Amino acid sequence: MERFHYDNKIVNAFLMATIVFGIVGMLVGLTVAFQLVLPSWNIHEWLSFGRLRPLHTNAVIFAFVGNGIFAGVYYSLQRLLKTRMFSDMLSWLHFWGWQLIILSAAITLPLGITTSKEYAELEWPIDIAITLVWVVFGINMIGTILKRRERHLYVAIWFYIATWVTVAMLHIVNSFEMPVSLWKSYSWYAGVQDALVQWWYGHNAVAFFLTTPYLGLMYYF
């Protein structure tokens, strides 16, 4: 009987991060909810509603949900393809890179360092880091598909591929910015065009980051 040695350590790491950031995201959300009815809770500019609200959305979407997606993808992809991930090093580079991005968001957003674009508030150095980490994830996923021991590509994998391609396109196009300093940039687009691109990104981020990968996971589980 052929035995497969999957990389479950990376799955467990993403799962632990999911639990931690799920708790953090909900606590920040609870705080901003209280601030709506108790304005006195806005005790400092760094902890005001306007600073914490984007921190909450980023924590829930990209830290909590994002880590959960990656845990599910790394778990199911190896079993559907009957092979270990293409590169353990890329897996861990993906994990730690993503956590550093989350940490950067947790520092910059309360400081008011933001592009002011909903769900895309992070400034240009962090946007570049997101792009690089997403490329690492893509290389690892495609490399695993290419070295698979299962000829048939189950439908879940096509959802994962669609997620990677579409989120990459959405992030890159919406993040065209003109840096004016290390932590300040202005959108490449102007006026109505900027708003159109932003919400083309916003609504499709819901479709392809919060929906498509979970459809794949539901097909698997």
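Counting with the working numbering, you get residues 5 to 225 for the letters of the sequence shown.
Think of the CB as a built atom: it goes at the ideal place given N, C-alpha and C, for glycine as much as any other residue.
A quick note: this is a predicted structure, and the numbers were derived from the prediction, not measured.
- The three-state secondary structure of K188, taken from DSSP, is strand.
- In the DSSP secondary-structure assignment, E181 is bridged to S191.
- Ranked by how close their Cα comes to the Cα of V171, the residues H207, V196, H156 have H207 in first place.
- When DSSP states are grouped into helix, strand and coil, D11 belongs to the coil group.
- Distance from the CA atom of Y205 to the CA atom of L150, rounded to whole angstroms, is 30 angstroms.
- Segment contact: the segment 76-94 against the segment 143-159, three or more CB-CB distances shorter than 8 angstroms; contact assigned.
- Scanning M20, H98, Y223 for the CA closest to the CA of G72 turns up M20.
- If you ignore the 5 residues before and after Q202, its C-beta comes within less than 6 angstroms of the C-beta of K121, all in its own chain and listed in chain order.
- Remark: three or more beta-carbon pairs, one from each stretch, lie closer than 8 angstroms, so the segment 125-145 and the segment 88-105 are flagged as touching.
- In the structure shown, the three-state DSSP call for G116 is coil.
- Considered as a whole, the segment 14-70 harbours 53-62 as its complete alpha helix (DSSP H) runs of no fewer than 4 residues, in chain order.
- For F141, the enclosing alpha helix (DSSP H) stretches over residues 128-150.
- The three-state secondary structure of Y78, taken from DSSP, is helix.
- For L219, the enclosing alpha helix (DSSP H) stretches over residues 216-224.
- Only residues of its own chain outside the window of five on either side were considered, and among them W50, L51, R55, L56, L59 have a CB closer than 8 angstroms to the CB of P114, listed in chain order.
- Distance between Q197 and I117, taken at the CA atoms: about 23 angstroms.
- Contact between G142 and S91 does not hold, since their C-beta atoms are separated by about 12 angstroms, which reaches or exceeds 8 angstroms.
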